[in-house]
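Once you know that position 64 of the sequence shown is 64 in the UniProt record's numbering, the rest is easy, because the numbers rise by one and skip nothing. All C-beta atoms in this analysis are idealised placements derived from N, C-alpha and C, irrespective of residue type, glycine included. Only a predicted model underlies this, so the values are computations on that prediction, with no experimental measurement involved. For reference, the structure discussed in these notes is given below.
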Amino acid sequence: MDTSNVSGMHAEENMMIVSEQKPGASIRGSLIVLAAPGYLVIHEDKDGAPGVILGASALLPAGENSNVPVTLSRASRDGETLHAMLHFEKGGNTVFSAAEDTPVPSRLGGPISGWFEVSSEALVDIPVSI
């Protein structure tokens, strides 16, 4: 399989691509598309679902955002699963608040979220296109 380039299909007005990550103090979202300003939020895994929040990006503008960094409250570990979720800015203060900044809903129901693996063998800097 050719892993030198990743492509996808943009099926909703909000979307994200967060691929496998190397262990460390931060993760990077390859591509985030938002209809309104918001955040990329990283969660621990709790029984296959998003758990405790480990970090959030700076406020992202509406539109396409590439290579979005998120600093974590603890280093990610080789072999663990983490979850990425999109949140809209609702509090008006431009700083992420789990209590105010609501998850971005999917047309399919539930929030726009997905899981990814942390691996010391993860490929990095793979070009992404939609």
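- The beta carbon of L34 lies closer than 8 Å to those of N14, L60, P61, A62, G63, N65, L86, F88 and V104 in the same chain, with the five residues before and after it left out.
- When the Cα atoms are used, V68 and R28 turn out to be separated by approximately 5 Å.
- By the CB criterion at 7 Å, E117 and E44 fall outside the cutoff.
- Within the model, the alpha-carbon separation for G92 versus Y39 is close to 13 Å.
- Assigned with DSSP and collapsed to three states, V124 falls in coil, not helix or strand.
- Residue environment for V52: exposed (fewer than 16 other C-beta atoms within 10 angstroms of its C-beta).
- V18 counts as buried, since at least 16 other C-beta atoms from the protein chains shown sit within 10 angstroms of its C-beta.
- Counting only the Cα atoms, A99 lies some 10 Å from K90.
- Restricted to the UniProt domain "DUF7282" (19-112), not a single alpha helix (DSSP H) segment is unbroken, complete and at least 4 residues in length.
- Under the 10 Å beta carbon count, A56 is surrounded by 16 or more other beta carbons and is classified as buried.
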